[in-house]
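Sequential numbering from 7 applies to the sequence shown in this note's numbering. Take a look at the structure below.
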Amino acid sequence: MTEIDTSFAGNAWWERALYRAARAVVFGFCRVYCRLTVEGREHVPTSGCYVVAPVHRSIVDSFAASGMTKRRIRYMGKASLWKRKLFRRFLSSLGGFPVDRGTADREALKRCMQVIENGEPLLLFPEGERKTGPLVQPLFDGATYVAVKTNVPIIPVGIGGSERVLPKGARFPRPRKMHMIIGEPIIPPSAGDGRVPRHAVKELSEQLHEELQKLFDAAQLRAGA
């Protein structure tokens, strides 16, 4: 694995200021250009850690999700982006942390759990890479595994209209309506002695899939997609 500083501190005053400024820009873009509306903010915990699990149809999904809370939400990025010190600090201040492409899943999951253990929310797209169409695709178990292992809730999020804003292959975003619905937290079963039963993770993934489909359907409808 590439030797890269994996410190997740990022609490210097200028890093906090940079994050607030960047969040204001990207979320403001969604609110103004994409006419993004949000419902369900009351479901976002005001303290403690959690895993944000949105549907994924466009790059702008990450921008929209940043508007869930004023707290910094962490997300994974390819490790090669962290090779330059200045850029590394910039990405980390915006919530990113490095994961090697091709790295074993357990290493990526270990870094995700480190984010939770350090007291910050984590964003994981349970469908993996961007998908297309109205159906939520089969989920990877990463988000549910992390939630069970660290005993934190999962926040399902449906984002409607983002695929029309910036579909795969498009160079420029289009001014289309977006709507985001934040669902009620899903509480994972306790891991007990630290072991995570495979059946518990699978059942939680099935529950998350069902909830995401409901939220996505409603968000698409309200976005006029």
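Quick reminder that beta carbons are idealized off the backbone N, C-alpha and C, glycines included.
Range of the contiguous beta strand (DSSP E) that encloses V66: From DSSP, V66 is part of no beta strand (DSSP E) but of the alpha helix (DSSP H) over 66 to 71.
Enumerate, from N- to C-terminal direction, the unbroken beta strand (DSSP E) stretches of 3 or more residues contained entirely within the stretch 159 to 204. The qualifying runs are 160 to 166, 185 to 188.
What residues are listed by DSSP as bridge partners for P104? Looking at the DSSP assignment, P104 forms a beta bridge with G83.
Report yes if the C-beta distance between V158 and P195 is below 9 Å; otherwise report no. Taking 9 Å as the Cβ cut-off, V158 and P195 do not qualify as a contacting pair.
Compute the Euclidean distance between the alpha carbons of L24 and F131, then round it to the nearest angstrom. So the alpha carbons of these two residues sit roughly 24 Å apart.
Excluding the five sequence neighbours on either side, which residues of its own chain have a C-beta within less than 6 Å of the C-beta of V66, listed in chain order? S168, V171, L172
Confirm, please, whether the CB-CB distance from H185 to R136 is below 9 Å. Contact flag unset, no.
With DSSP run on the structure shown, which of helix, strand or coil describes L129? strand
Go ahead and label F178 buried or exposed: buried means 16 or more other beta carbons lie within 10 angstroms of its beta carbon, across all protein chains shown. exposed
Return the chain-ordered list of same chain residues with a C-beta closer than 7 Å to the C-beta of G46, the five sequence neighbours on each side being excluded. I187, I188, G189
Where DSSP assigns a beta bridge to P60, which residues make up the other side? DSSP output for P60 lists V163 as bridge partner(s).
Taking the alpha carbon of R78 as the reference point, which residue from S86, R29, Y39, L42 has its own alpha carbon closest? Nearest C-alpha to R78: R29.
Kindly indicate which three-state DSSP category T52 falls into: helix, strand or coil? coil
Straight-line Cα distance separating E21 from L5: Residue 5 lies beyond the range of the chain shown here (7 to 231); nothing can be said about it.
How long is the line joining the alpha carbons of P181 and A231, rounded to whole angstroms? Distance between the alpha carbons of P181 and A231 is about 13 Å.
Check each candidate in V207, A229, S86, F35 and name the one with the smallest Cα separation from G73. F35
Between the CA atoms of S68 and A229 - distance to the nearest angstrom: 17 Å
Who are the Cβ neighbours of L218 in its own chain at under 6 Å, not counting the five residues just before and after it? V61, V142, P162
Measure the beta-carbon distance from L115 to V152 and round it to whole angstroms, keeping in mind my assumption that it falls under 8 Å. 6 Å between Cβ atoms; contact.
Could you give the first and the last residue of the continuous beta strand (DSSP E) run that contains V142? Premise fails: V142 is in no beta strand (DSSP E) and is neither H nor E.
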